[in-house]
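Student: The sequence shown lines up with residues 637 to 918 when you count with the numbering used here. Got a structure for you, written out below as structure tokens; questions coming shortly.
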Amino acid sequence: MVERRPILDILTHVVLILGIAVVAFPVYVTFVASTLTPEQVLDAPMTLLPGSHFFDNYRTVLFSGVGESASPVTTMMKNSLIMALGIALGKIAISIISAFAIVYFRFPMRKLFFWLIFITLMLPVEVRILPTYKVVSDLGMLDSYFGLTIPIIASATATFLFRQFFLTIPDELAEAARIDGAGPLRFFWDVVLPLSRTSIAALFVIQFIYGWNQYLWPLLITTQKSMTPVVVGVTQMISRSGDAATDWNLVMATVMLAMVPPALVVLLMQRWFVKGLVETEK
637 MVERRPILDI LTHVVLILGI AVVAFPVYVT FVASTLTPEQ VLDAPMTLLP GSHFFDNYRT
697 VLFSGVGESA SPVTTMMKNS LIMALGIALG KIAISIISAF AIVYFRFPMR KLFFWLIFIT
757 LMLPVEVRIL PTYKVVSDLG MLDSYFGLTI PIIASATATF LFRQFFLTIP DELAEAARID
817 GAGPLRFFWD VVLPLSRTSI AALFVIQFIY GWNQYLWPLL ITTQKSMTPV VVGVTQMISR
877 SGDAATDWNL VMATVMLAMV PPALVVLLMQ RWFVKGLVET EK
């Protein structure tokens, strides 16, 4: 019989409610600011009740853009979506094949190759970004979706996580597949891939958010408004002349819209995300 502790239950719920409030309150303030006029946003203190400019503000950012250097949010979100999907799917495809080769193929120095991949985790992005930019520039991939995605689709973290999961698959499955005459590709497609669905889902969520939040790399290789992702576009909406010259209500509306795709991915894939992380840790 489980002992009930009312005081502990109340304390737990209070802590959870406070935690939710700390996370949700800034989001609520951002939403309120997105429904006001620029003057109302700069009023001190700013009202905490939604204003009457919701449709006007969101229509402006969706179809007109803010400032001379910013594209409409629909264009920026399309760029971010293509970049995030390309990075997530590319990282998963490369990492799962690399991990499969490291675990199931016996070739000289395979452990050395794995650790060489893993060591790249210790290298900061700033160390690799200049030579990577030079290669992308020489290949004519600036201001392109290939330039936004291909240089950063390799992932040592995803390779490591897939390797750890593959090590938990019983050897008997590989032996049974071999007895049935299945080759490596057949074993990968019919056995390993179905077992990896939850791990793929978990990594897709992580890598999609990683790709969506990219800032430094897109900032370096995009010069055309039509190729600007939304994270870079938000900074372009902020005037260098000071707060009074920035339409903060439109900036906040853009921020609210930019939160929608990653939030939907997390909500829709939450069950597989948690399950995949748990199974990877076994």
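Backbone N, C-alpha and C fix where the C-beta goes; we use that ideal spot for every residue, glycine too. Quick caveat, the model's predicted, so the values are computed rather than measured.
Do residue 893 and residue 697 have their C-beta atoms closer together than 8 Å?
Tutor: Yes; because the gap between Cβ atoms is below 8 Å, this pair is in contact.
Student: Mapping the DSSP letters down to three states, classify residue 837 as helix, strand or coil.
Tutor: Correct three-state label for residue 837: helix.
Student: Report the residue from 857, 820, 833, 726 whose alpha carbon sits nearest the alpha carbon of residue 772.
Tutor: The option with the nearest alpha carbon to residue 772 is 857.
Student: For residue 799 and residue 761, what's the separation of their Cα atoms in angstroms?
Tutor: Their backbone Cα atoms lie some 23 Å apart in a straight line.
Student: Taking only the alpha-carbon atoms, compute the straight-line gap between residue 889 and residue 815 and give it to the nearest angstrom.
Tutor: When rounded, the distance between both Cα atoms is 60 Å.
Student: Considering only the alpha carbon of each residue, which of 868, 835, 867, 859 lies closest to residue 905?
Tutor: Of the candidates 868, 835, 867, 859, the one whose C-alpha sits nearest the C-alpha of residue 905 is 835.
Student: With DSSP as the reference, label residue 667 as helix, strand or coil.
Tutor: It is helical.
Student: Apply the 10 Å Cβ neighbour rule to residue 729 and answer buried if 16 or more other Cβ atoms are within range, or exposed otherwise.
Tutor: The residue is exposed, with fewer than 16 neighbouring Cβ atoms inside 10 Å.
Student: For residue 687, which three-state DSSP category applies?
Tutor: Three-state result, residue 687: coil.
Student: Residue 676 and residue 683: beta carbons closer than 8 Å?
Tutor: A contact, by the Cβ cut-off of 8 Å.
Student: With a CB to CB cut of under 7 Å and the five nearest residues on each side skipped, what residues in its chain are close to residue 674?
Tutor: 883, 884, 885.
Student: In whole angstroms, what is the alpha-carbon distance linking residue 691 and residue 670?
Tutor: Approximately 10 Å between the Cα atoms of the pair.
Student: Do you know whose CA, among 672, 721, 767, lies nearest residue 846's CA?
Tutor: The shortest C-alpha separation from residue 846 is found at 721.
Student: So residue 629 packs on residue 804, CB below 8 Å; how close in whole Å?
Tutor: Residue numbering for the chain in the displayed model covers 637 to 918; residue 629 lies beyond these limits and cannot be assessed.
Student: Between which two residues does the alpha helix (DSSP H) carrying residue 832 extend?
Tutor: No alpha helix (DSSP H) contains residue 832, which DSSP labels as neither H nor E.
Student: Below 7 Å, is the gap between the Cβ of residue 905 and the nearest heavy atom of the ligand MN?
Tutor: The model on display carries no ligand, and the ligand MN is accordingly not part of it.
Student: Among 871, 723, 818, 776, which residue has its Cα nearest to the Cα of residue 712?
Tutor: Of the listed residues, the one whose Cα sits closest to residue 712 is 871.
Student: Where do the ends of the alpha helix (DSSP H) carrying residue 823 lie?
Tutor: Per DSSP, residue 823 belongs to the alpha helix (DSSP H) from 820 to 823.
Student: Could you check what DSSP says for residue 655 in three-state terms: helix, strand or coil?
Tutor: Looking at residue 655 - three-state DSSP - the assignment turns out to be helix.
Student: By a C-beta neighbour count over all protein chains shown, 10 Å radius and 16 as the cutoff for buried, is residue 648 buried or exposed?
Tutor: Exposed.
Student: At 4 residues or longer, and completely inside the stretch 751 to 810: list those alpha helix (DSSP H) runs for me, N to C.
Tutor: Entirely contained in the stretch 751 to 810, the alpha helix (DSSP H) runs reaching 4 residues are, in chain order, 761 to 774, 781 to 785, 792 to 802.
Student: Please state if the CB of residue 719 and the CB of residue 865 are separated by a distance shorter than 8 Å.
Tutor: It is a contact, given that the beta carbons lie within the stated cut-off.
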